[in-house]
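Participant: Note that the working numbering has the sequence shown beginning at 263, numbered continuously upward.
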Amino acid sequence: MTDLTTLGIAAIRDGVRDGQFKAREVAEAFNAKVAGARALNAFLVETPDHALAAADAADAARAAGETLKPLAGVPIGMKDLFATKGVATTAASKILEGFVPPYESTVSQNLWNAGAGMLGKLNLDQFAMGSSNETSAFGNVISPWRRPNDTAALAPGGSSGGSSTAVSAGLAPGATGTDTGGSIRQPAAFTGISGIKPTYGRCSRWGTIAFASSLDQAGPMARDVRDCAIMLEAMAGFDAKDATSLKLDVPNWEAALSTDLKGKKVGVPKEYRVDGMPGEIEALWQQGIDWLRDAGAEIVEVSLPHTKYALPAYYIIAPAEASSNLARYDGVRYGLRDLPEGAGLQDMYAATRAAGFGDEVKRRILIGTYVLSAGFYDAYYTQAQKVRTLIARDFERAFGECDVLLTPTAPSAAFALGEKQADPLAMYLNDVFTVPASLAGLPAMSVPGGLDKDGLPLGLQIIGKPLDEQGVLNAGLAIEQRAGFTARPQAWW
Ligand code: GLN
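Structure (structure tokens):
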């Protein structure tokens, strides 16, 4: 019999519906694989019973002749940034150790309502701040990928590195991610899977632990474009509990998937040809352009003149919002409390925050507090907001000339753990291609395009107009079909 963990979301959904196998068998197979892969440190909490309960509900519904829910029988991994009722939720920070939410996030609730079950909570960079998963307070995630004849452990990308590892190692057919500046797309690219950040406002942020509220968006990470479309349909939707949630129906993205790009224009932004970009990335980008032309699209060069200011603007705005959002972790309400003998309230705040937050989180709080301080607000924060507007306008103008944009996802393949950790700037530079679409709130996706000289995955990014997830998915699918990317981290498959 086929190893059920080799199946993706669509195959599991269809197989359960058609009676090829039981949802319970699927859940058991993934639960076992998760338990056997602890060396990767992808899961912070395993919840095999959650997955089994959802599977049993799917099997019972089928036995009763009911129409099955869209994700009936599909077990998934949940990034530990989503509050899950009764299941420990920490954002990979010591400050939330021991926090068990009494409520469920909207995105996770939407997935359970669609019939999905949870395999566990996935490790991440602490409060989703990072690009390598090394800022987790509970140990870094290890990518299942390796360079040939090299034992160096590689970064799975970040911040959704538990998610990228779980999907690429076959521990889950799909996983949730969140993306503030690239945290779905860059880890997807590093591990040879697909992931989409929808338009800001498509997925409710309610119950998702906040990093930078004007940028944070949830999205799916899965083995292919179709699976992403299916999962995103279940995750998205208007939510009155999130003031920035878009009051729009969720399109049927899966049904409208098409790889015929005739009449579509694909823009190639010339400013993304950054200095020092490896030749292999350049070559893959050209290959992607050729694939989309082959799918019927017309290719046009476009200009996004403010691209070079995106990274500095992001690293002002995101820390500013983070410093405000993270003020709530004070030892009073949840998680860690450090109450030194004879301490006053201020001492307790200070001791709790000193002990609870990791270095990267503290760095961001300091930067954020600084750029929001009375003396520097105009010089940094106001300035960054103006740049953000200019970047959004660049995209608006470019989308007057094209339907989607094609760029590389990241300026390199996965780097080794430890390689960039001592140099925050080198780490931040990894987000150079993903941050602009975040600042503009645009839908953007990474799909695997090929392998580098060391056999490591490289991703291509498609950025779309606001609300045009369909255009993004379709271009992604056209690439996927032509790339024929089937490489897997062998040790895990
Ligand atoms: N790597 C980026 C950062 O550290 C993006 C993180 C994210 O998207 N959550 O801020």
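Virtual Cβ for every residue (Gly too), placed ideally from N, Cα, C. Just so we're clear, the structure is a prediction, and the values are computed from it rather than from any experiment.
Counting beta carbon pairs with one atom in the stretch 489-507 and one in the stretch 456-465, are three or more of them shorter than 8 Å?
Facilitator: Touching, yes, given that three or more Cβ pairs across the two stretches are closer than 8 Å.
Participant: Quick check: K356 and L598, are their CB atoms within less than 8 Å of each other?
Facilitator: For K356 and L598, yes; Cβs fall inside 8 Å.
Participant: Using beta-carbon positions only, say whether A491 and E516 come within less than 8 Å of one another.
Facilitator: Their beta carbons are under 8 Å apart, which means A491 touches E516 by this criterion.
Participant: Can you tell me which of the three DSSP states K356 falls into?
Facilitator: DSSP places K356 in helix when its eight states are reduced to three.
Participant: Is there contact here, the stretch 334-344 with the stretch 269-285, by at least three beta-carbon pairs under 8 Å?
Facilitator: Enough Cβ pairs lie closer than 8 Å, so yes.
Participant: Decide yes or no for the touch test of the stretch 729-742 against the stretch 691-702: beta carbon pairs closer than 8 Å, at least 3 of them.
Facilitator: No contact exists between the stretch 729-742 and the stretch 691-702.
Participant: Compute the minimum distance between the beta carbon of S393 and the heavy atoms of the ligand GLN, and state whether it is under 7 Å.
Facilitator: Answer for S393: yes, Cβ within range of the ligand GLN.
Participant: Quick one: measure Cβ to Cβ for A660 and V564, integer angstroms, because I've assumed they're closer than 8 Å.
Facilitator: Yes, A660 and V564 are in contact; Cβ-Cβ is about 4 Å, under 8 Å.
Participant: Heavy atom of the ligand GLN less than 7 Å from the Cβ of S421, yes or no?
Facilitator: Checking every heavy atom of the ligand GLN against the Cβ of S421, one is found closer than 7 Å.
Participant: Using a Cβ-Cβ cutoff of less than 6 Å, which residues in the same chain neighbour L601 once the five nearest sequence positions on both sides are dropped?
Facilitator: Once the five neighbours on either side are set aside, the close Cβ partners of L601 are M610.
Participant: Under 7 Å: does the beta carbon of T470 sit that close to some heavy atom of the ligand GLN?
Facilitator: No; taking the cut-off as 7 Å, the Cβ of T470 has no heavy atom of the ligand GLN nearer than that.
Participant: Classify Q752 as buried or exposed, calling it buried when 16 or more other Cβ atoms lie within 10 Å of its own Cβ.
Facilitator: Under this definition Q752 is an exposed residue.
Participant: Residues in the same chain with beta-carbon distance under 8 Å from A676, minus the five sequence neighbours each way, listed in chain order, please.
Facilitator: The residues are S405, W407, L416, A417, P418, G419, F452, T453, L718 and P719.
Participant: Between D665 and A350, what straight-line distance do the alpha-carbon atoms span, to the nearest angstrom?
Facilitator: Approximately 42 Å between the Cα atoms of the pair.
Participant: With C-beta atoms as the reference, is A740 less than 8 Å away from G711?
Facilitator: No, they are not a contact pair.
Participant: Going by alpha carbons, who is nearest to Q371 out of D556, A353, A316 and I561?
Facilitator: Out of D556, A353, A316 and I561, A316 has the C-alpha closest to the C-alpha of Q371.
Participant: May I have a chain-ordered list of the alpha helix (DSSP H) segments no shorter than 4 residues that lie completely inside the stretch 671-755?
Facilitator: Entirely contained in the stretch 671-755, the alpha helix (DSSP H) runs reaching 4 residues are, in chain order, 686-691, 697-701 and 731-745.
Participant: Checking 8 Å against the spacing of the C-beta atoms, do L333 and A378 come in under that value?
Facilitator: Going by C-beta atoms, L333 is nearer than 8 Å to A378.
Participant: Quick check: V429 and M483, are their CB atoms within less than 8 Å of each other?
Facilitator: Yes.
Participant: Just to confirm, does D685 get its C-beta within under 7 Å of one of the non-hydrogen atoms of the ligand GLN?
Facilitator: Not under cutoff, so the answer is no.
Participant: I'd like to confirm the pairing. Which residues does DSSP put opposite Q479 in its beta bridges?
Facilitator: Note: Q479 sits in a beta bridge opposite D441.
Participant: Does any heavy atom of the ligand GLN sit closer than 7 Å to the C-beta of A414?
Facilitator: No, the beta carbon of A414 sits no closer than 7 Å to any heavy atom of the ligand GLN.
Participant: Answer yes or no: do V288 and G382 have a C-beta to C-beta separation smaller than 8 Å?
Facilitator: Not closer than 8 Å, so no.
Participant: Kindly identify the DSSP beta-bridge partner or partners of E308.
Facilitator: For E308, which the question treats as bridged, DSSP gives the partners G382.
Participant: Could you say which of G606, P581 and Y639 lies nearest to I627 if we only look at CA atoms?
Facilitator: Checking every option, the nearest Cα to that of I627 belongs to P581.
Participant: Is there contact between the stretch 579-594 and the stretch 537-548, where contact requires at least three CB pairs shorter than 8 Å?
Facilitator: Not touching, per the Cβ criterion.
Participant: Express the C-alpha separation of W553 and Y632 in angstroms, rounding to a whole number.
Facilitator: Roughly 46 Å between the two C-alpha positions.
Participant: Would you say the beta carbon of T440 comes nearer than 7 Å to a heavy atom of the ligand GLN?
Facilitator: T440: yes, Cβ under 7 Å from the ligand GLN.
Participant: CB S421 to CB L384, shorter than 8 Å?
Facilitator: Cβ distance not < 8 Å, so S421 and L384 don't count as in contact.
Participant: Assuming contact is defined by CB atoms lying nearer than 8 Å, are K459 and A706 in contact in what I supplied?
Facilitator: Contact: yes.
Participant: With 16 as the cutoff for other CB atoms within 10 Å, does V594 come out buried or exposed?
Facilitator: When all chains shown are included, V594 counts as exposed.
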